[in-house]
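Numbering that gives the first Met the number 0 numbers the first residue of the sequence shown as 0 and each following residue consecutively. Using N, Cα and C, we set each Cβ at its ideal position, and we do this for glycine too. Report on the structure given below.
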Amino acid sequence: MSPRILVVDDEESIVKLVSYNLQKDGFDTLAAADGREAWEIIRREKPDLIVLDIMLPEMDGFALCRLLRQEKILTPILMLTAKDEEIDKVLGLELGADDYLTKPFSPRELVARVKAILRRTDERMPSQDGPLTFGDMVIYPGKYEVQRGGKDVELTPREFELLLFLCRNAGLVLSRAHILEKVWDYDYYGDTRVVDVHIRHLREKIEIDPGSPVYIKTVRGVGYKFQQPDGLTGSQLD
């Protein structure tokens, strides 16, 4: 069965353009013109991915994204944003969107993004790896679970994959481009802000003081490095 993509936009021309190009590439598509209609379709049809515009009547894209994540619905979301609205991109990612694409966009690039997101989703298979321990933080690769001080830390699938990639490369300086290639599974045409947003959000969840992180360090001008806090030892990194 072909993956089903829900296209949510109040501009009929955008819906037709996106749907046509996705169908041409073998996807089945559903469509909604506002957030409330999209919510009903998502609950009823359970699409494999959502292409979601921000500016929608009834319920905007931010509100729908927030609602989905609150309800533990982890369907991947590709957000469509206005080219000059930086805050839209940041907020969308912080609410749990997997990726964003700015308008106007290339249909070819949109299809490539959809394929990459779905490919990453398909790879989220149960792992036989044992837990990774860093001080009071324990990561369970097979369960997509993280605990800090014995308490569960709620991460989106993308945040978990980013954390796991950093942990498995502990001590190495990783460029933003390399992180994008390995965690997002495609080149990002020079736009690496998506990594910075996810790193910031991850720090807010796993660091005691996100402003002075002990796990995820910034290497200015290069990227990021995951390191063991002073005096602590990790286990099962091989």
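Can you tell me whether residue i is buried or exposed, with buried defined as 16 or more other CB within 10 angstroms of its CB?
i	result
T28	buried
A37	buried
I215	buried
Y223	buried
L171	exposed
D47	buried
S1	exposed
S18	buried
R112	buried
T217	exposed
R203	In the sequence as presented, Arg is not what sits at residue 203; that position holds Glu. Its Cβ having fewer than 16 others within 10 Å, E203 is exposed.
What does DSSP give as the partner residue(s) for residue i in the beta ladder?
i	result
E144	Y139
K216	K224
D151	Q146
S12	The partner list for S12 (beta bridge, DSSP) is empty, contrary to what the question assumes.
Taking DSSP as the reference, what is the three-state secondary structure of residue i?
i	result
A32	coil
Y99	strand
V196	helix
T239	Residue 239 is absent from the model: the chain starts at 0 and stops at 237.
L77	strand
K114	helix
I4	strand
To which residues of the same chain is residue i closer than 6 Å at the C-beta, ignoring the five residues directly before and after it?
i	result
R192	none
I13	none
E93	H200
G148	D135
I178	V194
Stretch-stretch touch, CB-based, cutoff 8 Å, three pairs: the segment 2–17 with the segment 53–68: Cβ pair count under 8 Å is three or more, so yes.
Sufficient close CB pairs (3 or more, under 8 Å) joining the segment 98–106 to the segment 67–78: Yes, the segment 98–106 touches the segment 67–78.
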